[in-house]
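Quick note: the sequence shown, position 265, residue 265 per full-length UniProt numbering, numbers continuous.
Just so it is clear, CB atoms sit at the ideal spot from N, CA and C, and this is done for glycine as well.
One structure is given below, encoded as structure tokens.
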Amino acid sequence: MQLQQLEYFVKVAELGSLNKAAEVFYVTQPALSKAIQNLEQEIGAEVLRRTNKGVSMTEDGKKLYEYAKVILSHVDLIRDIKGKDALQTLAVASYPLISMSRIIADFYNRQSDRNVTIRLKEDRLMQVIDHVYEGRDEIGFLLINNSQLREVKNTLKFKGLSLEILGHDTWYANVGEHSPLYDKELVTMEELIQYPIVRLHDDHYSNLTNYLRIDGILLRDSRKHIYVSDNAGLVNVMRHTDAYRFGPGLSNRDFADLGIRSIPIRNCDVDVVVGWIKKKSAALSFIGEEFVHLLEEWTETELERK
């Protein structure tokens with residue numbers, strides 16, 4: 001059972017609405033509903049009665065509400081031990097993901113009543129691992145495809161880092177409106193390799209990706225390449241040319257907001273592990289735990305949505 005589940009339950013009970021409570025916490029209604037369902041499963045009782053007019057507490061829910069209020073009030077006292085003005089710092093290193101800045105923004109909105117410093121550094125897989133290993137960042141967010149997984153796991157073990165898997169994704173073809181493939185509902189590798197692929201500069205792990213096959217075609221068989229240094233470059237190239245890229249379904253919604261489509265690829269069996277890393281020997285800070293909870297919610301919501 002997580003404190004955040006109790007916070008969600010109390011707020012829903014007080015507002016009588018899942019939607020209104022979701023707005024307070026800056027989460028989606030399905031994610032909040034799922035968290036409460038998990039809470040009900042853990043305690044073995046239904047705590048909310050759901051109707052078309054909203055939600056109300058069951059008898060068990062009323063008991064839980066009273067207990068939860070006491071628990072949360074004590075948690076607030078514990079949080080205030082260092083003083084309300086105590087500065088907390090969240091340091092995150094992330095594989096370049098267009099959605100990460102929105103996740104950080106959502107997290108800040110949840111923490112806006114605290115003195116919080118947030119540092120986000122986006123880098124390649126190898127660098128993200130090194131940032132966490134060297135202690136420069138507390139949490140590393142990774143996307144690891146099946147050509148990289150074995151070697152990444154060996155590296156993490158050697159460096160004393162733990163990997164927590166949030167879910168599994170696959171690749172889509174991201175294209176802008178200047179691509180002849182923009183209106184297609186399914187694309188093939190034969191079609192894609194006729195156009196330039198835009199990608200970030202290679203590191204050791206991304207070089208391994210070149211040996212992946214999709215529908216019998218090696219990725220290194222792509223004939224035209226455009227290399228950029230960051231997500232802004234990726235987006236601008238796709239919006240203004242016929243170039244494409246391979247991207248996870250996690251970011252489909254954020255790409256759609258920029259006019260970029262995410263199209264399924266025929267016979268694509270690339271498995272992408274979505275996860276986060278930390279030092280095995282170090283416990284997460286309180287603010288780090290809260291960020292991980294947000295990552296869990298976001299990943300679950302986006303994987304269900306795609």
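| Check | Outcome |
| --- | --- |
| Measuring alpha carbon to alpha carbon, tell me which residue in A45, N109, I71 and V187 is nearest E59. | A45 |
| Quick check: what's the CA-CA separation for G83 versus L161? | In this predicted model, G83 has a pLDDT of only 49, less than 50, meaning its place in the structure is not dependable; the value taken from the coordinates is given anyway. Cα to Cα, the separation comes out at about 32 angstroms. |
| Which whole-angstrom value is the C-beta distance of L48 and V55, which I expect to be below 8 angstroms? | 5 angstroms |
| Please specify which runs of the alpha helix (DSSP H), each continuous and at least 4 residues long, are wholly inside the stretch 222–303, giving them in chain order. | 231–240 and 252–257 |
| Out of R124, L87, E297 and Y108, which one is the CA nearest neighbour of A93? | R124 |
| Under the three-state reduction of DSSP, which class applies to Y211: helix, strand or coil? | coil |
| Which class does L181 belong to by DSSP, given the choice of helix, strand or coil? | coil |
| What are the start and end residues of each continuous beta strand (DSSP E) run of 3 or more residues lying completely inside the stretch 54–111, in chain order? | 54–57 and 88–94 |
| Closer than 6 angstroms: is that where the CB of V24 sits relative to any heavy atom of the ligand SAM? | Looking at this structure, you won't find the ligand SAM or any other ligand, since it has none at all. |
| Using a 10 Å radius around the Cβ and a threshold of 16 neighbouring Cβ atoms, would you call T117 buried or exposed? | exposed |
| For F158 and V292, what's the separation of their Cα atoms in angstroms? | 23 angstroms |
| So, with DSSP's three-state summary, where would you put V198? | strand |
| Using a Cβ-Cβ cut-off of 8 angstroms (strictly less than) and excluding sequence neighbours within five positions of G288, which residues of its own chain qualify? | L90, E138, I139 and K278 |
| What distance in whole Å lies between the Cβ atoms of L186 and G275, which are believed to be in contact at a cut-off of 8 angstroms? | Their Cβ separation, rounded to whole angstroms, is 28 angstroms, which puts G275 and L186 out of contact at 8 angstroms. |
| Please list the segments of the beta strand (DSSP E) lying wholly inside the UniProt domain "HTH lysR-type" (1–58), counting only runs of 3 or more residues, in order along the chain. | 48–51 and 54–57 |
| Quick one: residues in its chain with C-beta nearer than 8 angstroms to the C-beta of Y182, no 5 flanking neighbours on either side, listed in chain order? | V175, G176 and R261 |
| In terms of residue numbering, what span does the beta strand (DSSP E) encompassing L125 cover? | Run containing L125: none in the beta strand (DSSP E); it sits in the alpha helix (DSSP H), L125 to Y133. |
| For V169 and P248, which I take to be in contact (beta-carbon distance under 8 angstroms), what is that distance rounded to the nearest angstrom? | According to the sequence provided, residue 169 is Asp. The question's Val does not apply to it. The Cβ separation is near 4 angstroms, so the contact holds. |
| On a CA-only basis, which of L192, R220 and P180 is nearest D202? Give me that one, please. | R220 |
| I need the straight-line Cα distance from I103 to M189, nearest angstrom please. | 31 angstroms |
| Quick one: residues in its chain with C-beta nearer than 8 angstroms to the C-beta of N19, no 5 flanking neighbours on either side, listed in chain order? | Q29 |
| Three-state secondary structure (DSSP) at R305? | helix |
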